[in-house]
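Participant: Just dropping this structure here.
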């Protein structure tokens with residue numbers, strides 16, 4: 020057991036190491052965010068940065084505030100204080116759909132595919148630039164709408180091909196396996212050309228033999244310059260995937276660094292790994 | 007023969023009006039998930055406004071009926087006014103009723119709105135003549151056409167069917183557009199749709215207003231045909247008839263609405279009037295409502311997607327895009343290929359049919 024002072028020192032040192040991360044401006048900046056549910060403080064003054072092409076893993080015990088933080092960043096949960104900057108733009112008080120339009124998209128802990136729509140339609144819904152999604156343009160802007168719709172369809176085919184899901188293009192969301200649903204969610208997010216992608220426990224429901232493929236797919240996504248934030252309990256996935264790992268406990272960040280650094284941290288061992 | 011012709015032409019008019027109602031509710035509930043238990047209110051708004059718009063101004067204390075918005079507008083302006091009334095009322099109610107709330111709460115709000123407005127119009131005689139309602143509403147263009155009543159009714163039936171045909175084209179176009187796809191997305195998973203950039207409240211409000219306009223228009227057509235309208239005609243139970251037609255025909259399928267409207271409001275509620283009277287007076291009417299209720303429950307339990315379910319959209323096979331990502335080899339012209347048996351994502355097995363995409367026939 021380490022003392023409080025030792026734990027703080029470990030945190031400081033791991034954070035110091037984390038400063039070796041990319042020097043490019045952060046695409047997502049979370050500053051001193053506080054989330055409360057009534058009298059319970061779920062997230063207590065958390066700050067973190069995500070850079071383009073970086074995969075940030077968020078781990079910690081149940082109740083640590085990981086999903087609440089993700090919801091705060093995604094806009095599903097109101098923050099009591101703090102700031103969230105997306106590509107330098109303050110989105111702290113904006114609705115989730117506004118954040119999505121500015122480049123921040125997410126998946127959810129439980130799969131959220133549109134179950135009565137085909138895989139192709141799931142992708143088209145998210146197609147950026149599908150101006151037909153506006154009632155006015157769907158009604159009166161037919162010529163321009165058709166051209167844009169065609170571009171979105173071509174993009175959907177390209178993403179389907181990349182994720183080897185083209186054979187399921189006409190399947191309803193409700194007809195897919197758990198792993199396929201996860202892939203549809205991620206493909207759908209990519210249709211928006213995001214700057215930041217938030218993934219809440221993406222490995223839940225994924226068959227063990229598919230995990231390696233999934234990790235490869237996510238690495239390829241990050242390689243496109245997208246910043247990824249992943250909440251995940253499967254530590255082997257975090258180890259394989261993440262450039263930087265942030266450990267939360269009781270609503271606060273207790274360590275930050277590479278996977279090897281944080282698992283060696285005494286406070287992390289005591290609060291989570293033990 | 008004269009009576010039979012009159013009866014059939016009346017049925018055709020009712021069929022057309024109920025069909026418009028079913029399409030309106032299908033847009034709201036089938037495509038968007040808005041449980042509008044106040045539907046009949048928007049149709050009633052169209053009835054009252056269209057009626058007042060042709061009756062002329064209220065002539066004051068000596069008149070046997072009192073109403074607001076009285077005018078003598080030429081055909082077809084009262085119908086446009088009816089559609090506008092439905093849309094405006096929907097915009098006002100929609101501002102609080104289609105916000106992001108649980109669907110069961112939303113259904114309760116709609117039902118309450120329906121009851122409040124019925125009580126208001128029924129008890130305040132200065133709005134639309136209270137319990138007695140509006141009467142003496144003339145048929146549009148009746149004297150100008152110079153037809154017998156039977157001939158006029160058939161012309162009116164054709165007029166209603168023509169409007170239905172135009173409306174079908176419009177509604178189908180909207181439903182098949184990216185906007186229609188967005189409606190289905192917020193219906194299925196609003197959190198996910200919102201996280202992808204869709205504003206669910208705005209989409210619901212838009213569809214609620216369009217549905218309100220269609221309801222108002224159908225009300226205008228109805229009141230110009232029957233010539234009278236009163237609170238007795240728009241109890242909340244009328245909404246449930248249209249909802250049953252929707253469930254029977256197929257939620258999310260505009261062609262299914264043709265079938266549902268034919269079966270529920272026409273066959274179930276009108277055919278029994280051909281049957282010989284049995285039991286005490288009103289027994290047949292009571293049985294009709296029992297059949298409507300049982301149909302609702304039976305379809306929800308055993309065939310929730312209705313007789314003609316929402317149709318599967320087939321992705322258009324775009325040769326250029328497929329070529330770029332090396333998918334041309336998985337295109338198969340085999341027409342019998344179905345959606346593949348689904349297993350794990352790493353087990354692609356079935357074929358992708360070549361074609362231009364669209365809804366499955």
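Chains as they are written, first to last, in my numbering: chain A, 20 to 293; chain B, 7 to 367.
Ideal Cβ positions, reconstructed from N, Cα and C, are used throughout, including at glycine.
Note that the coordinates shown come from a computational prediction; the quantities given were computed from them, not determined experimentally.
Return the first residue and the last residue of the beta strand (DSSP E) that residue 238 of chain B is part of.
Facilitator: Element bounds for residue 238 of chain B: n/a, residue is neither H nor E.
Participant: Under 7 angstroms, CB to CB, which of the residues in the stretch 84 to 98 of chain A have a partner in chain B?
Facilitator: Correct list: 93, 95.
Participant: At the level of alpha carbons, what is the spacing between residue 133 of chain B and residue 151 of chain B?
Facilitator: Distance between the alpha carbons of residue 133 of chain B and residue 151 of chain B: 32 angstroms.
Participant: Hey, residue 72 of chain A and residue 51 of chain A: beta-carbon distance below 8 angstroms or not?
Facilitator: No, the Cβ-Cβ distance between residue 72 of chain A and residue 51 of chain A is not below 8 angstroms.
Participant: Going by the DSSP bridge assignment, what does residue 73 of chain B pair with across the sheet?
Facilitator: DSSP lists B/134 as partners of residue 73 of chain B.
Participant: So what does DSSP say about residue 84 of chain A, is it helix, strand or coil?
Facilitator: Correct three-state label for residue 84 of chain A: coil.
Participant: Tell me the rounded alpha-carbon separation between residue 178 of chain A and residue 77 of chain A.
Facilitator: Cα to Cα, the separation comes out at about 27 angstroms.
Participant: Mind checking the stretch 206 to 218 of chain A against chain B and listing, in chain order, the residues whose C-beta falls within less than 7 angstroms of any C-beta there?
Facilitator: So the list reads 207, 211, given in the order they occur along the chain.
Participant: Taking DSSP as the reference, what is the three-state secondary structure of residue 225 of chain B?
Facilitator: Reduced to three states, the DSSP call for residue 225 of chain B is helix.
Participant: Assign residue 292 of chain A to buried or exposed, taking buried as 16 or more other Cβ atoms, counted over all protein chains shown, within 10 Å of its Cβ.
Facilitator: It counts as exposed.
Participant: From residue 284 of chain B to residue 290 of chain B, what distance separates their C-alpha atoms?
Facilitator: Rounded to the nearest angstrom, the two C-alpha atoms are 7 angstroms apart.
Participant: Using a 10 Å radius around the Cβ and a threshold of 16 neighbouring Cβ atoms, would you call residue 80 of chain B buried or exposed?
Facilitator: Exposed, because fewer than 16 other Cβ atoms sit within 10 Å of the Cβ of residue 80 of chain B.
Participant: Using a Cβ-Cβ cutoff of 7 angstroms, what residues of the stretch 212 to 235 of chain B are near chain D? List them in chain order.
Facilitator: The structure shown contains no chain D; the protein chains it does contain are A and B.
Participant: Our contact map puts residue 73 of chain B next to residue 58 of chain B with C-beta atoms below 8 angstroms; I'd like the distance itself, whole angstroms only.
Facilitator: Right, their Cβ atoms sit about 5 angstroms apart.
Participant: Just checking my contact of residue 158 of chain A with residue 180 of chain B at CB under 8 angstroms: how many whole Å lie between their CB atoms?
Facilitator: Sure, about 7 angstroms apart at Cβ, within 8 angstroms.
Participant: Within 8 angstroms of any Cβ in chain B, is that where the Cβ of residue 220 of chain A sits?
Facilitator: No - not a single Cβ of chain B is within 8 angstroms of the one on residue 220 of chain A.
Participant: Report the three-state DSSP secondary structure of residue 211 of chain A (helix, strand or coil).
Facilitator: Three-state DSSP puts residue 211 of chain A in coil, outside helix and strand.
Participant: Going along chain B, which residues have a C-beta under 9 angstroms from residue 172 of chain A?
Facilitator: By Cβ distance, chain B contributes 321, 322, 324, 327, 363.
Participant: Return helix, strand or coil for residue 268 of chain A, following the three-state DSSP convention.
Facilitator: DSSP places residue 268 of chain A in strand when its eight states are reduced to three.
Participant: Along chain A, in chain order, which residues have C-beta atoms closer than 7 angstroms to that of residue 69 of chain B?
Facilitator: None at all; the shortest Cβ gap to chain A is about 42 angstroms.
Participant: Take residue 153 of chain A as the anchor and find which of B/45, B/183, B/233 has the nearest alpha-carbon.
Facilitator: Taking only the C-alpha atoms, the option nearest residue 153 of chain A is B/183.
Participant: One question on the structure: do residue 316 of chain B and residue 254 of chain B come within less than 8 angstroms of each other, judged by their Cβ atoms?
Facilitator: Going by C-beta atoms, residue 316 of chain B is not nearer than 8 angstroms to residue 254 of chain B.
Participant: Here's the rule: buried if 16 or more other CB atoms are within 10 angstroms of the residue's CB, otherwise exposed. What is residue 175 of chain B?
Facilitator: With fewer than 16 other Cβ atoms within 10 Å, it is exposed.
Participant: For residue 205 of chain B, go through chain A and note every residue whose CB falls closer than 7 angstroms to its CB, in chain order.
Facilitator: Going along chain A in sequence order, the residues near residue 205 of chain B (Cβ under 7 angstroms) are 116.
Participant: Name the one or two DSSP bridge partners that residue 102 of chain A has.
Facilitator: Bridge partners of residue 102 of chain A: A/50.
Participant: 8 angstroms is my cut-off, CB to CB: does residue 342 of chain B come that close to chain A?
Facilitator: The pLDDT assigned to residue 342 of chain B is 37, lower than 50, so where the model puts this residue is not dependable; a value taken from the coordinates is nonetheless given after this. It does not: the Cβ of residue 342 of chain B has no partner Cβ on chain A nearer than 8 angstroms.
Participant: Along chain B, in chain order, which residues have C-beta atoms closer than 9 angstroms to that of residue 139 of chain A?
Facilitator: Near residue 139 of chain A (Cβ distances below 9 angstroms), the residues of chain B are 319, 320, 321, 322, 363.
Participant: Could you give the DSSP three-state label for residue 55 of chain A: helix, strand or coil?
Facilitator: Residue 55 of chain A falls in the strand class under three-state DSSP.
Participant: So, is residue 213 of chain A buried or exposed, given that buried needs 16 or more other C-beta atoms within 10 angstroms?
Facilitator: Buried, because 16 or more other Cβ atoms sit within 10 Å of the Cβ of residue 213 of chain A.
Participant: Mapping DSSP to helix, strand and coil, what is residue 250 of chain A?
Facilitator: In this structure, residue 250 of chain A counts as strand in the three-state DSSP scheme.
Participant: Run through DSSP, which three-state label would residue 217 of chain B get?
Facilitator: Of the three classes helix, strand and coil, the one that applies to residue 217 of chain B here is helix, per DSSP.
Participant: What separation, rounded to the nearest whole angstrom, lies between the Cα atoms of residue 59 of chain A and residue 103 of chain A?
Facilitator: The straight-line gap from Cα to Cα measures roughly 21 angstroms.
Participant: What are the uninterrupted segments assigned as alpha helix (DSSP H) that are 4 or more residues long and contained completely in the stretch 135 to 186 of chain A, given in chain order?
Facilitator: Runs of the alpha helix (DSSP H) inside the stretch 135 to 186 of chain A: 138 to 144, 154 to 159, 161 to 181.
Participant: Excluding the 5 residues flanking residue 206 of chain B on each side, which residues of the same chain have their C-beta closer than 7 angstroms to its C-beta?
Facilitator: Within the same chain, residue 206 of chain B has close Cβ partners 106, 192, 196, 199, 200.
Participant: Using the rule of at least 16 other Cβ atoms within 10 Å of the residue's Cβ for burial, across every protein chain shown, is residue 229 of chain A buried or exposed?
Facilitator: The residue is buried, with at least 16 neighbouring Cβ atoms inside 10 Å.
Participant: For chain A, find out if any of its Cβ atoms is closer than 8 angstroms to the Cβ of residue 195 of chain B; answer yes or no.
Facilitator: With 8 angstroms as the cut-off, residue 195 of chain B counts as an interface residue toward chain A.
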